[in-house]
Amino acid sequence: MRSLLETMAALLLGILIGAAIMALWGRDPWASYAALFQGAWGNARALASTVSRSLPLVLTGLTFAVGVRAGLFNIGAQGQMLIGAVTALSVGLLALPAGIHLALALVLAGIAGMVWALPVALLKLLRGVSEVISTIMLNWVAHWLTLFLVVRKLSDPVRGERTFQVPVGMRFPVIQGELTWAMAVSLVASFFLFWFLWHHAKGYEIRASGLNPRAARAAGISVSRSLLWAILLGGVCAAWAGAIQVLGRFPYAITSDLANLGNLGFDGIAVALIGRNHPLGVLAGAFFFGTLATGAARMGLRGIPLEMIQIVQGVIVVSMAAPEAFRLVRLRRKRGGT
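Each number in the working numbering comes from the position in the sequence shown (counting from 1) with 5 added on.
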């Protein structure tokens, strides 16, 4: 209950600060907010767009959240997401039976995400290298590797601004507007991790290792194994975020500047913080992010400058993420930065 009250108070603070900024800019803040929520929730198509935008953020948010539960600051979701996207696209372009195409793409994307995350675990466990440093480096390697594959190997010669499109039979079926059955991947991952972390012995060991590694070791828990589990699970989730962005959203391809993949991995950090690093809270945090992204377009139609929209969005997100971020900093200091 306390966490919920803190989150609601932070949301209210962010909205009020955003309103003050818009008022200073000479705009009607309440009409602007009304446009935002109307654009995000005003009809079935708008709501479908909001949910669709939130789906990959659920998965990258889970990557960060499960890492935090193990005592890690895993910011490698961006690179793992890119690897998952290009893997899913590559599988999607193969001539395979329609019945196994989609499932195989998800399986191989998940494996690719785990493989990409594995060096982070090995460097952490064998050499004591901070996961922050190794994930930052691997994010850049993944970025340039994906860009090379997209531009040089998978580019559509007719439409040079993107890769070949995934065939229709390989895509997630459409539910409404932009929303597809990729939603099932995000929901299953979120509820599975909730069950795993809170109702399975291995999940208990992961959380115990994150809360107090020394006490966990004294209780006979392998902290190293818990860290490995958390990093690999995070790799799967992040890779699936990239996969569903390619297989479940237009243009069903990867643009040559990677713009349709954006910063989903980094945005997932804020999503996890808003959701208090709880798998079910991440669902709410991602939906909130989707609301801001979809509603911003409606605000723009009212003549509100893009810069102002981004400032207001940033203020609200920072206000909501800050309490959990400060809590994590205090927790790491108590553990001596381990």
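We put the beta carbon where it would ideally sit given N, CA and C, even for glycine.
Owing to the predicted nature of the structure, the values given are computational and were not obtained by experimental measurement.
Residue pairing by DSSP places Val179 opposite Thr185 in a beta bridge. The beta carbon of Thr260 sits closer than 7 Å to those of Glu166, Arg167, all from its chain and outside the five residues before and after it, given in chain order.
The DSSP-derived three-state label of Ser214 is helix. Secondary structure at Arg167: strand, using DSSP grouped into helix, strand and coil. Note that the C-beta distance between Thr68 and Ala243 is below 8 Å. Scanning Leu16, Ala36, Gly84 for the CA closest to the CA of Gly239 turns up Gly84. When the Cα atoms are used, Gly81 and Val125 turn out to be separated by approximately 9 Å. The C-alpha of Glu210 is placed about 11 Å away from the C-alpha of His204.
Asn79: not part of any alpha helix (DSSP H); DSSP gives it neither H nor E. In the assembly as shown, Arg74 is a buried residue. Its beta-carbon has 16 or more other beta-carbons within 10 Å. In the structure shown, Ser191 falls within a helical segment according to DSSP collapsed to helix, strand and coil.
Annotated as distal: Leu111 and Ala15, with beta-carbon spacing of 8 Å or more. For a cut-off of 8 Å, the C-beta gap from Ala90 to Val287 is around 20 Å, too long to register as a contact. Rounded to whole angstroms, the separation of the alpha carbons of Leu77 and Ala330 is 13 Å. Inter-residue distance for Arg219 and Arg254 is about 45 Å (C-alpha atoms, whole angstroms). In the three-state reduction of the DSSP assignment, Ser227 falls in the coil class, being assigned neither a helical nor a strand state. With a 10 Å radius around the Cβ and a threshold of 16 neighbouring Cβ atoms, Met119 comes out buried.
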